[in-house]
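Visitor: Before anything else, here's the structure in question.
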Amino acid sequence: MGLLDGLLGHGSSVDPQDLAKRLDGVLIEGERVSLAFRVIRDVFAFTDKRLILIDVQGITGSKVDYMSIPYRAITRFSVETAGTFDLDSELKIWVSGAEQPVTKTLKKGTDVRGIQRALATGVLR
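For the sequence shown, the UniProt record's numbering gives the first residue as 1, with consecutive numbering after it.
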């Protein structure tokens with residue numbers, strides 16, 4: 001069912017150790033991935049120092065955008081859950097120095113509470 005959930009856009013957990021291998025060259029020495037969620041092909045990776053948003057682009061997925069947001073730069077965030085008729089959830093992250101928030105659409109079934117908890121843990125430490 002995990003593959004079906006991923007194809008349908010539902011958030012699924014990612015093994016942090018497997019993701020750490022994929023992030024070789026992105027993570028700094030001593031940094032570790034503590035929690036990660038996959039939504040379709042994109043990944044939200046929570047490390048002990050920052051949030052890394054991995055946006056896989058194109059048909060082949062060979063183009064990848066890694067957005068790194070240090071927890072100290074996050075001024076506030078908002079997680080909107082899906083409703084009965086609105087099938088998508090929305091995550092907004094305001095970063096100091098940016099006018100507009102980073103916005104990600106999450107499909108219904110994504111663990112928005114887990115994402116919110118991970119953000120709160122990183123930001124409120």
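Every residue gets a Cβ at the ideal spot worked out from N, C-alpha and C, and that includes glycine.
Taking the C-alpha atoms as reference points, what is the distance between Lys63 and Leu124?
Guide: So the two alpha carbons sit approximately 33 Å from each other.
Visitor: From Asp42 to Ile59, what does the alpha carbon distance come to, in whole angstroms?
Guide: Rounded to the nearest angstrom, the two C-alpha atoms are 13 Å apart.
Visitor: Is the Cβ-Cβ distance between Ala36 and Ser13 less than 9 Å?
Guide: Cβ distance < 9 Å, so Ala36 and Ser13 count as in contact.
Visitor: Starting from the N-terminal side, write out each stretch of the alpha helix (DSSP H) that is 4 residues or longer and does not extend beyond the segment 60-85.
Guide: Segments of the alpha helix (DSSP H) lying fully in the segment 60-85: there are none.
Visitor: Which residue comes first and which comes last in the beta strand (DSSP E) that contains Thr121?
Guide: Here Thr121 belongs to no beta strand (DSSP E); instead the alpha helix (DSSP H) covers Val112 to Val123.
Visitor: Quick check on the DSSP output: the beta strand (DSSP E) that includes Asp18 runs from which residue to which?
Guide: Where Asp18 is concerned, there is no enclosing beta strand (DSSP E), although the alpha helix (DSSP H) it sits in stretches over Pro16 to Arg22.
Visitor: Determine the direct distance from the alpha carbon of Pro101 to that of Leu75, and round the result to whole angstroms.
Guide: Before going on, a small fix: residue 75 reads as Thr here, not Leu. Going by the C-alpha atoms only, they are around 10 Å apart.
Visitor: Among the candidates Ala98, Gly97 and Ile93, whose CA atom is the shortest distance from the CA of Ser52?
Guide: The question names Ser, yet the displayed sequence has Ile at residue 52. Nearest option by C-alpha distance: Ile93.
Visitor: Could you pull the start and end residues of the beta strand (DSSP E) that Leu51 belongs to?
Guide: Run containing Leu51: Arg50 to Gln57, per the beta strand (DSSP E) assignment.
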